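Asks: There's a structure below that I have some questions on.
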Amino acid sequence: MARISPTKPRKSALQARSRATVDALVEATARILVRDGFEKASTNRIADMAGVSVGSLYQYFPSKEALVAAVIDRHNEEIMARSAQHSPKSPT
């Protein structure tokens, strides 16, 4: 039986409300990590700050580590988008 990676999201957020929940969870994780560090970033605190139940958190993320991975992925995407805006255009 295949095991689910502890850092991969459980399911994709397809609807606007689901995407808003995932966004709130990722943003709350980032804020708690910056303010309090990894050790104090519990799933209960993250869910509370995001304004969702811990059960909703676990629908999308299997662990705190998966949330941290999502924060890192989002940060990398933002860096790549900014980098693309400032890179010289290639001649056509």
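282 is the number that the numbering used here gives to position 31 of the sequence shown; each next residue is one higher, with no gaps.
Idealized CB from N, CA, C, for every residue including glycine.
Computed from a predicted structure; not experimentally measured.
#1: Measuring only the C-alpha atoms, how far is residue 294 from residue 307?
#2: Which whole-angstrom value is the C-beta distance of residue 301 and residue 276, which I expect to be below 8 Å?
#3: Go ahead and pull the three-state DSSP assignment for residue 314.
#4: Is DSSP giving residue 305 helix, strand or coil here?
#5: Taking the continuous alpha helix (DSSP H) assigned at residue 292, which residues delimit it?
#6: Using 7 Å as the threshold, is the C-beta distance between residue 296 and residue 283 below it?
Replies: The structure says:
#1: 11 Å
#2: 5 Å
#3: coil
#4: helix
#5: Counting along the chain, residue 292 falls outside any alpha helix (DSSP H), and DSSP gives it neither H nor E.
#6: yes
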